[in-house]
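If you use our numbering, the sequence shown corresponds to residues 1214 to 1829, in order. By construction, the Cβ of each residue, glycine as well, lies at the ideal position given by its N, Cα and C atoms. Here the structure is a predicted model, which is why all the values come from computation and not from measurement.
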Amino acid sequence: MTKPPIEPLVAAAVTTNVSAAPQSTSTLDLGVVGNCSFSALIDKLGRIVWCCLPRFDGDPVFNALLDPSENGSLWSFELENFSHSEQWYEPNTAVLHTRLYDTLGQGVEITDFAPRFLSRARYFHPLTLVRRVQPLAGAPRLRILLRPKFDWGRVPPIITRGSNHVRYIGPQQTLRLNTDAPLSYLLDETFFVIGRPYNFILGPDDTLSGGINDTARSLEQETLAYWRNWSRSLATPLEWQDAVIRAAITLKLSLYEDTGAIIAAMTTSIPEAPGSGRNWDYRYCWLRDAFFVVRALNSLSELGTMEDYLRWLSNIVVRAGGSHIQPLYGIGLEEALPEQIVDHLPGYDNNGPVRVGNQAYEHFQHDVYGNIVLGAAQAFHDSRLHHPAGIEQFLHLEAVGESAYKLYDQPDAGMWELRTRSRIHTSSALMSWAACDRLAKIAVKLELTERATYWSERAAVIGERILREAWNEERQAYVESFGGRDLDASVLLMVEVGLIAPTDQRFISTVDALETYLCDGPYMRRYEAPDDFGPPETAFNICTFWRIDALARIGRKEQAREIFQAMLDVRNHLGLLSEDTHPVTGKMWGNFPQTYSMVGIINCAMRLSAPWESVI
1214 MTKPPIEPLV
1224 AAAVTTNVSA
1234 APQSTSTLDL
1244 GVVGNCSFSA
1254 LIDKLGRIVW
1264 CCLPRFDGDP
1274 VFNALLDPSE
1284 NGSLWSFELE
1294 NFSHSEQWYE
1304 PNTAVLHTRL
1314 YDTLGQGVEI
1324 TDFAPRFLSR
1334 ARYFHPLTLV
1344 RRVQPLAGAP
1354 RLRILLRPKF
1364 DWGRVPPIIT
1374 RGSNHVRYIG
1384 PQQTLRLNTD
1394 APLSYLLDET
1404 FFVIGRPYNF
1414 ILGPDDTLSG
1424 GINDTARSLE
1434 QETLAYWRNW
1444 SRSLATPLEW
1454 QDAVIRAAIT
1464 LKLSLYEDTG
1474 AIIAAMTTSI
1484 PEAPGSGRNW
1494 DYRYCWLRDA
1504 FFVVRALNSL
1514 SELGTMEDYL
1524 RWLSNIVVRA
1534 GGSHIQPLYG
1544 IGLEEALPEQ
1554 IVDHLPGYDN
1564 NGPVRVGNQA
1574 YEHFQHDVYG
1584 NIVLGAAQAF
1594 HDSRLHHPAG
1604 IEQFLHLEAV
1614 GESAYKLYDQ
1624 PDAGMWELRT
1634 RSRIHTSSAL
1644 MSWAACDRLA
1654 KIAVKLELTE
1664 RATYWSERAA
1674 VIGERILREA
1684 WNEERQAYVE
1694 SFGGRDLDAS
1704 VLLMVEVGLI
1714 APTDQRFIST
1724 VDALETYLCD
1734 GPYMRRYEAP
1744 DDFGPPETAF
1754 NICTFWRIDA
1764 LARIGRKEQA
1774 REIFQAMLDV
1784 RNHLGLLSED
1794 THPVTGKMWG
1804 NFPQTYSMVG
1814 IINCAMRLSA
1824 PWESVI
């Protein structure tokens, strides 16, 4: 296979010259493969360093990302006399290629994917990883290190051997590797000459119905065809198409299709900054993050994710029945996500603690009600949907709107999930306004005149208070809370959701203040006031993207394009972003890949791109 061209923005990072010594697993230079059931993270050396089964929030059977010691579990193909590597995605797909070369110029290519395609009128997405290894030149010697562990790395597997398979038996699950590689070499971790292609299919303890090579080849062809057709259906902007398509695929891979939940990220406990202790588990569904994902994919005319998510969201809304709704839930609708420390794992780059669960499920974050209505609103207006929303769904959303109106001026933890401070956060009131505003628009669509008036009046009440009480005359800016003075990047959403015009001098002044006090060059921090862990050290990527959007809206498009380019430049070699960027080193921190950040790439490209009609 001829390696396809990589987009210029990331080409320089594709080839990695490293020593022959074992390389650290503490890096976010990772690729993602998945199929909307699970995912795996693969580094530049072709090592699977993170993979949770049987779900995104499950047991990390490969955990070397959080345990860089010899005790960590991974799956690698180790090339003797290793020299350097190359890595790229098959264009417009979630199929990843890694080439490893030795000091003699010999090499192998690894192709990684998780099968996904339409079969028997449903999507086939088994809990299966497929790895195909083929020689490129010469007689390279390779050894296979397949070392899964269970119970967060506490329990090594019981290993049994069959004629063409190996079983890895754990307390709660059993994995089976079907392969046409020599089992003796695999189990003994012996170097051997790769003289022909080999296939590795790791998944549930099931027998294959066909031959190993034929099965792997067929799964690859079907999966490539699925992703190419999916990507072809996207309504991409003229500029930055590769970046947008990669972001869109990554967002799609964050969908847990079984229920429709969308996870915030695929990892836990990658710290927001080194030694900060800001280590959180993001493998759950935040209603806030999911709304932004749905909105970004909708802008590309990818509606399937929204339809899946609304299945999950309707369960939350109906079950709540107008009462309290949490800011996040488990991907199977779990309410309790108790936080605990896994103290035997050293953590990413030895930056503990490793947390499982997220205490934020106990929070009161009042913006959640607006995020629910915003996430569902398009379903009432879009005639392309198989099951457009109607009166019944509107009645359920009205109960959500009542909560929004009741709570918009009550103190909460805010969208940044502050653990020791409660205020009337502007962002929470803003989303409550958006809930009422969108309910009014839905009522108009449904020809419910009385309800349209009712919700319009409520939106007006909230909007007037936000514009009056969140304004700080001294700072000449809208600030993070009613009557407060601290700056917060989330107020940039005032324009995005439509409360204030971008030409309003108060908003322009707010942008100026945020740039002065929250920005480090192109990067933007979330807020200026110290939180539970002190002042933020790294920039929060979605805030930078909000800044770009705001600058474009107020007419500073060239400045916006420059900052957008800076953000594209700090992506990893495959075009992916984590949650945070260090403003000095440009290094990625925070959980990975972060859906918020990938959303920002799509939104800003759509905002800034030249129109198609300029070239056709």
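Handout entry: Span of the beta strand (DSSP E) around C1264
Key = The residue labelled residue 1264 in the question sits at position 51 within the sequence shown. Here the beta strand (DSSP E) through C1264 covers 1261-1266.
Practice task
Identify whether M1737 lies in helix, strand or coil by the three-state DSSP scheme.
Solution key: Mapped onto the sequence shown, residue 1737 falls at position 524. Residue state, collapsed to three classes: strand.
Problem - Rounded straight-line distance, which links the Cα of A1334 to that of V1849 - result: Since the displayed the chain opens at 1214 and closes at 1829, residue 1849 lies outside it and no answer follows.
Exercise for the section: Taking all protein chains shown into account, decide if A1234 is buried (16 or more other Cβ within 10 angstroms of its Cβ) or exposed. Expected result: Here residue 1234 corresponds to residue number 21 of the sequence shown, with the count starting at 1. Low per-residue confidence applies at A1234: pLDDT is 42, beneath 50, and the placement is therefore not dependable enough to give any value.
Exercise for the section: Could I get the ranges of all uninterrupted alpha helix (DSSP H) runs contained in the region 1361-1449, with 4 residues as the minimum, in chain order? Expected result: 1396-1401, 1425-1445
Handout entry: Where C1498 falls: helix, strand or coil (DSSP)
Key = Position 285 of the sequence shown, counted from the start, is the residue given in the question as residue 1498. C1498: strand per DSSP, three-state reduction.
Practice task
Quick one: using the 10 Å Cβ neighbour count with 16 as the cut-off for buried, is L1473 buried or exposed?
Solution key: The sequence position of residue 1473 within the sequence shown is 260, counting from 1. The sequence given here has Gly at residue 1473, not Leu. It counts as buried.
Problem - Limits of the unbroken alpha helix (DSSP H) element including G1583 - result: Translated into the one-based positions of the sequence shown, residue 1583 becomes position 370. Segment 1581-1590, the alpha helix (DSSP H) holding G1583.
Handout entry: Buried or exposed by the 16-neighbour rule on C-beta atoms within 10 Å, applied to R1344
Key = Here residue 1344 is taken as the residue at index 131 of the sequence shown, counted from 1. Under this definition R1344 is a buried residue.
Practice task
Taking I1357 as part of the beta strand (DSSP E), name the residues at either end of that continuous run.
Solution key: Taking the first residue of the sequence shown as 1, we reach residue 1357 at position 144. Looking at the DSSP string, the run of the beta strand (DSSP E) that includes I1357 is 1354-1359.
Handout entry: Boundaries (first-last residue) of the alpha helix (DSSP H) holding V1531
Key = In the sequence shown, counting from the first residue as 1, residue 1531 sits at position 318. Its alpha helix (DSSP H) spans residues 1517-1533.
Problem - Rounded C-alpha distance that separates I1713 from L1727 - result: Stepping through the sequence shown from its first residue, residue 1713 is reached at position 500. Stepping through the sequence shown from its first residue, residue 1727 is reached at position 514. Those two C-alpha atoms are separated by around 17 Å.
Handout entry: Opposing strand residues paired with C1732 [DSSP bridges]
Key = Here residue 1732 refers to the residue found at position 519 of the sequence shown. Per DSSP, M1737.
Practice task
Could you have a look at A1234 and say whether DSSP puts it in helix, strand or coil?
Solution key: Within the sequence shown, numbered from 1, the residue matching residue 1234 stands at position 21. Reliability fails at A1234, whose pLDDT of 42 lies under 50, so the model's placement of it is uncertain and no value is given.
Exercise for the section: Assign N1511 to one of three DSSP states: helix, strand, or coil. Expected result: The sequence position of residue 1511 within the sequence shown is 298, counting from 1. N1511: helix per DSSP, three-state reduction.
Exercise for the section: Would you check if there are 3 or more beta carbon pairs closer than 8 Å linking the region 1349-1365 to the region 1281-1290? Expected result: yes
Problem - Straight-line Cα distance separating Y1691 from E1299 - result: The residue you call residue 1299 lines up with position 86 of the sequence shown. The residue you call residue 1691 lines up with position 478 of the sequence shown. Spanning the two alpha carbons is a distance of roughly 47 Å.
Practice task
Measure the C-alpha to C-alpha separation of E1630 and P1806 and round it to an integer number of angstroms.
Solution key: Counting from 1 along the sequence shown, the entry for residue 1630 is found at position 417. Counting from 1 along the sequence shown, the entry for residue 1806 is found at position 593. Each residue's alpha carbon lies about 20 Å from the other.
Exercise for the section: In angstroms with no decimal places, state the Cα-to-Cα distance between N1412 and I1425. Expected result: As a position in the sequence shown, residue 1412 is number 199, starting the count at 1. As a position in the sequence shown, residue 1425 is number 212, starting the count at 1. Between N1412 and I1425, the C-alpha separation is close to 7 Å.
Handout entry: Secondary structure of S1467, DSSP reduced to three states
Key = Taking the first residue of the sequence shown as 1, we reach residue 1467 at position 254. Residue state, collapsed to three classes: coil.
Handout entry: Straight-line gap, G1320 to D1427 (C-alpha atoms, nearest Å)
Key = As a position in the sequence shown, residue 1320 is number 107, starting the count at 1. As a position in the sequence shown, residue 1427 is number 214, starting the count at 1. The straight-line gap from Cα to Cα measures roughly 24 Å.
Handout entry: Extent of the continuous alpha helix (DSSP H) to which F1758 belongs
Key = Along the sequence shown, read from residue 1 onward, the residue named residue 1758 stands at position 545. Where F1758 is concerned, the enclosing alpha helix (DSSP H) stretches over 1754-1766.
Problem - Whole-angstrom distance between D1325 and A1226, CA atom to CA atom - result: As a position in the sequence shown, residue 1226 is number 13, starting the count at 1. As a position in the sequence shown, residue 1325 is number 112, starting the count at 1. Unreliable positioning characterises A1226 in this predicted model, as indicated by a pLDDT of 34, which lies under 50. A coordinate reading is not provided.
Problem - Supposed close pair S1791, S1810 - CB separation, criterion 8 Å - result: Working through the sequence shown from its first residue, we reach residue 1791 at position 578. Working through the sequence shown from its first residue, we reach residue 1810 at position 597. Yes, they are in contact, since the Cβ atoms of S1791 and S1810 sit about 7 Å apart, within 8 Å.
Practice task
Take the Cβ of A1478 as the centre, count every other Cβ of all protein chains shown within 10 Å, and call the residue buried at 16 or more, exposed below.
Solution key: As a working note, residue 1478 is residue 265 in the sequence shown. The residue is buried, with at least 16 neighbouring Cβ atoms inside 10 Å.
Handout entry: Proximal residues to E1433 (C-beta, below 6 Å), its chain only, five neighbours per side dropped
Key = Locating residue 1433 in the sequence shown gives position 220, counting from the first residue. For E1433, where only same-chain residues beyond five positions count, there are no Cβ hits under 6 Å.
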